[in-house]
Amino acid sequence: DSLLTWLLKDSLGGNSITVMLTTISPCETHYDETLSTLRYAKKASSIVNSAIVNEDPKSRLIRELISELRKLQQKASSSVFESGTSQAYELAKLKELISIRKEGVLQLQRRRTLSNWKT
């Protein structure tokens with residue numbers, strides 16, 4: 003809750019490990035500064051950082067769409083449909099949905115490739 007913690011907030015979060023060092027002086031003229039530094043170091047030692055992995059939103063979307071495609075393909079090939087519906091109609095709907103999703107995945111992959119080339 004100090005000014006220094008506020009200034010270091012970007013370094014204390016994210017997907018990195020932060021190490022803090024304190025420098026103190028044995029000289030009596032710097033007693034107040036040394037005491038203040040030691041108090042802050044004691045408080046800072048209780049800070050807990052939980053690292054997170056940064057993920058590209060496009061990659062995440064592609065991964066989710068591919069997972070959905072696999073589920074739809076399994077459903078289409080398993081011939082397990084709700085009772086009272088026409089299997090041929092349900093199969094045609096699933097195949098159409100699979101082709102739409104595949105096209106979406108291909109477009110996202112092309113965009114990601116192009117954006118990677120631009121940077």
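The numbering of the sequence shown is this note's numbering, which starts it at 3 and goes up by one. C-beta: ideal position from N, C-alpha, C; glycine also. Since the structure is predicted, the reported quantities are computational estimates derived from the model, not experimental observations.
CB of residue i within 7 Å of CB of residue j, strictly
i: Arg103; j: Leu71; result: yes
i: Leu74; j: Leu99; result: yes
i: Val21; j: Leu67; result: no
i: Ser47; j: Thr36; result: no
i: Lys60; j: Arg114; result: yes
Opening and closing residue of the alpha helix (DSSP H) in which residue i lies
i: Thr7; result: Leu5 to Leu9
i: Glu35; result: Tyr33 to Ala46
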